[in-house]
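For the sequence shown, the working numbering assigns the number 10 to the initial residue and increments by one for each residue that follows.
For glycine and all other residues, C-beta sits at the position ideal for the given N, C-alpha and C.
It should be emphasised that the depicted structure is a prediction, and the values quoted were computed from it without experimental measurement.
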Amino acid sequence: MTCEKAQTLRERLHSTFYREIREVLTHPVVRQMRSYRHHGSTDCYQHCMNVAYYSYLFCSLMRWDARAAARAGMLHDLYLYDWHTYARETGEHFHGLTHPKRALHNAELYFELTDREKDIIRKHMWPITVALPKYREAYVVMVADKICGMCEVTHHFEHRLRHWAARAWPVQSRHR
Ligand SMILES: [Fe+2]
Ligand SMILES: [Fe+2]
């Protein structure tokens, strides 16, 4: 594939992604996720968008159900609280285990979901949540979630490390 063809394919996938997911992306309840910090400095909305986008790309290339992967990827963490303070405020210490159910409950209040989309949201924390995902798109979202989470945390610490290094060893100006 030439560079130009790859660029065209990328642009086409990019615009079909936004078309497929517009209803979810622009919903006011989904946009509430912007208020909650998730991994490092990435908020919950941006994290879900990262997961949805890469899951959509992969499933499109494999000719699987990319729409379900994108929609459920965007809704997979719709639990709507700050998990950093949640345990202290509520006494509930099992966020990792319980939030997929909460996200699914919230998602079902506002969207008509297929069985595949429900499975993707419910099982995205596998293997912490024991039941095996039923659909291949659920495995894609589960893996994308873990990779995106790691990249977001790494990016945050890299940024802090650079900031700390710049303060510890400031670059001397040549024109003094
Ligand atoms: Fe999650
Ligand atoms: Fe997630």
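For residue j and residue i, believed in contact at Cβ under 8 Å, the rounded distance
{"i": "A112", "j": "M83", "result": "About 11 Å; that fails the 8 Å criterion."}
{"i": "E161", "j": "T35", "result": "Rounded, the Cβ-Cβ distance is 23 Å, inconsistent with contact."}
{"i": "G105", "j": "M134", "result": "6 Å"}
{"i": "A75", "j": "Y63", "result": "Not confirmed; about 11 Å, so no contact."}
{"i": "E101", "j": "T107", "result": "7 Å"}
{"i": "V38", "j": "Y119", "result": "5 Å"}
Residues near residue i in its chain [Cβ-Cβ closer than 7 Å; skip 5 each side]
{"i": "A40", "result": "The amino acid occupying residue 40 in the given sequence is Arg; Ala does not appear at that position. Only Y54 meet the Cβ criterion."}
{"i": "I30", "result": "A61, A79, R80 and M83"}
{"i": "L22", "result": "L66 and S69"}
{"i": "W73", "result": "R145 and E146"}
N-terminal and C-terminal residue of the alpha helix (DSSP H) that residue i is part of
{"i": "H102", "result": "H102 -> no alpha helix (DSSP H), and no H or E assigned at all."}
{"i": "R80", "result": "A75 to L84"}
{"i": "H56", "result": "C53 to M71"}
{"i": "Y27", "result": "C12 to L34"}
{"i": "I130", "result": "D124 to K132"}
{"i": "R40", "result": "P37 to R40"}
Residue i, enclosing beta strand (DSSP E) - first and last residue
{"i": "H48", "result": "R46 to H48"}
Cβ shell of residue i (< 6 Å), same chain only, five flanking positions each side left out
{"i": "K143", "result": "D128"}
{"i": "F187", "result": "The chain is shown from 10 up to 185; residue 187 falls before or after that span and cannot be answered."}
{"i": "A147", "result": "D128, I129 and K132"}
{"i": "H47", "result": "C53 and H56"}
{"i": "G49", "result": "E161, V162 and H165"}
{"i": "M42", "result": "C53 and Y54"}
{"i": "N59", "result": "C157"}
Buried or exposed by the 16-neighbour rule on C-beta atoms within 10 Å, applied to residue i
{"i": "L87", "result": "buried"}
{"i": "H172", "result": "exposed"}
{"i": "P136", "result": "exposed"}
{"i": "S69", "result": "buried"}
{"i": "C157", "result": "buried"}
{"i": "V139", "result": "exposed"}
{"i": "E13", "result": "exposed"}
{"i": "D91", "result": "exposed"}
{"i": "H85", "result": "buried"}
{"i": "R125", "result": "buried"}
{"i": "H116", "result": "According to the sequence shown, residue 116 is Ala rather than His. That one is buried."}
{"i": "M159", "result": "exposed"}
{"i": "A77", "result": "buried"}
Residues near residue i by beta carbon distance below 8 Å, same chain, minus five either side
{"i": "H93", "result": "R46"}
{"i": "Y95", "result": "E101 and H104"}
{"i": "L141", "result": "K132 and W135"}
* In chain order, which continuous runs of the alpha helix (DSSP H) of length 4 or greater are located wholly inside the stretch 141 to 168? -> none
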